[in-house]
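**Q** First, the structure itself, so that you have it in front of you.
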Amino acid sequence: MSKYFLVNNKQEWDWLMQKFEENSEIKWLAGGEPTSFKPLTYVKRIVNLDEDELNLTYAALSDYENSGLVSTDQIIEVDKLMEGENHG
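Residue numbering for the sequence shown follows numbering that gives the first Met the number 0, starting at 0 and increasing by one per position.
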């Protein structure tokens with residue numbers, strides 16, 4: 000099963016990677032710790048967590064929208080997770 004996280008800026012990216020790093024088993028599919036990788040841009044990026052393999056991949060939101068493989072209701076907005084943590 001996969002979870003899809005929408006990131007829109009560096010703060011959201013860093014927050015999400017820190018959460019993944021708390022589970023030492025989660026790695027990038029290409030190798031490396033979650034916080035070891037920095038994309039060229041942080042705007043409208045989808046980070047895919049494969050919960051079975053504990054691997055991370057990422058791509059542009061448009062790649063997922065164009066593929067039709069993921070519906071918008073499957074995408075978790077990181078800014079909402081951050082708000083919930085700060086107000087919860």
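Just so it is clear, CB atoms sit at the ideal spot from N, CA and C, and this is done for glycine as well. Treat the numbers as computed from the prediction; the structure is a model and nothing was measured.
#1: Taking its Cβ as the centre, do 16 or more other Cβ atoms sit within 10 Å of residue 11, making it buried, or is it exposed?
#2: Looking at residue 77 and residue 4, is the spacing between their C-beta atoms short of 9 angstroms?
#3: From residue 32 to residue 14, what distance separates their C-alpha atoms?
#4: Going along the chain, which residues of its own chain have a beta-carbon closer than 6 angstroms to the beta-carbon of residue 29, five neighbours each way excluded?
#5: Around the C-beta of residue 39, are 16 or more other C-beta atoms found within 10 angstroms, so that it is buried, or is it exposed?
#6: Shortest alpha-carbon distance to residue 45 belongs to which of 51, 70, 21, 22?
#7: For my contact list, residue 43 and residue 60 are in at a C-beta cut-off of 8 angstroms; report their separation, rounded to the angstrom.
**A** In this structure, then:
#1: Translated into the one-based positions of the sequence shown, residue 11 becomes position 12. By the 10 Å Cβ count, residue 11 comes out buried.
#2: Residue 4 sits at position 5 when you count from the first residue of the sequence shown. Residue 77 sits at position 78 when you count from the first residue of the sequence shown. Yes. Within cutoff.
#3: Numbered from its first residue, the sequence shown carries residue 32 at position 33. Numbered from its first residue, the sequence shown carries residue 14 at position 15. Their backbone Cα atoms lie some 14 angstroms apart in a straight line.
#4: What you label residue 29 is simply residue 30 of the sequence shown in a count that begins at 1. Closer than 6 angstroms at Cβ, skipping near neighbours: no residue.
#5: Numbered from 1 along the sequence shown, position 40 holds the residue referred to as residue 39. It counts as exposed.
#6: Mapped onto the sequence shown, residue 45 falls at position 46. That would be 70, whose Cα lies nearest to the Cα of residue 45.
#7: Residue mapping note: residue 43 aligns to position 44 of the sequence shown, counting from 1. Residue mapping note: residue 60 aligns to position 61 of the sequence shown, counting from 1. At roughly 4 angstroms, the Cβ-Cβ gap stays under 8 angstroms, so residue 43 and residue 60 are in contact.
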